[in-house]
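Notes follow the structure.
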Amino acid sequence: MTDHLSAPTFVAHAGGAVVSRRILDGTGSIKWLLREEPAHPADSGWRFLSAIDDDEYARDPANMVALDFATVAAIEPAVFSIYHLPVGSDLQLVVENGGRHFLDNITGVELLHPAQGDDQPS
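Mapping to full-length UniProt numbering: the sequence shown position 6 is 6, numbers consecutive.
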């Protein structure tokens, strides 16, 4: 397992996120990203599932872990750009041709500059 304990802070006071254990242990990569209403003040509302997680796996709380958002960004730096998207955001991380971009699962639209507010999901 990669050591993420010394993860840099990308967003001050970003709060926590719920992350698939497969992402944390490296057996799966980040694919699905959802932003829900935060469960408590320290929760950012972001949920991260891996490309190999199915519904049964994701429903089992033992398969999820709470991490600081900065730790998730250390695992996959592309997620830094989506932090400020609103509750209700439903995205997938697409990795192709050596690049990464986010696709809005609701509209099918590629997010070009999510950190700047362009092409945000509705």
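Note that beta-carbon positions come from the ideal geometry of N, C-alpha and C, so glycine has one too.
For I30, the enclosing beta strand (DSSP E) has its first and last residue at 30 to 35.
Under the DSSP definition of a beta bridge, E96 partners with G99. Under the 8 Å Cβ criterion, the stretch 19 to 27 counts as touching the stretch 64 to 75, having at least three qualifying pairs. An exposed status is given to G99, since fewer than 16 other beta-carbon atoms sit within 10 Å of its beta-carbon.
Below 8 Å, enough C-beta pairs join the stretch 80 to 100 and the stretch 35 to 51 to call them touching: three or more. Judged by DSSP in its simplified three-state form, E110 adopts strand. Rounded to the nearest angstrom, the gap between the Cα atoms of N63 and D54 is 11 Å. Ranked by Cα distance from S20, the options E56, F80, H40, A42 are led by E56.
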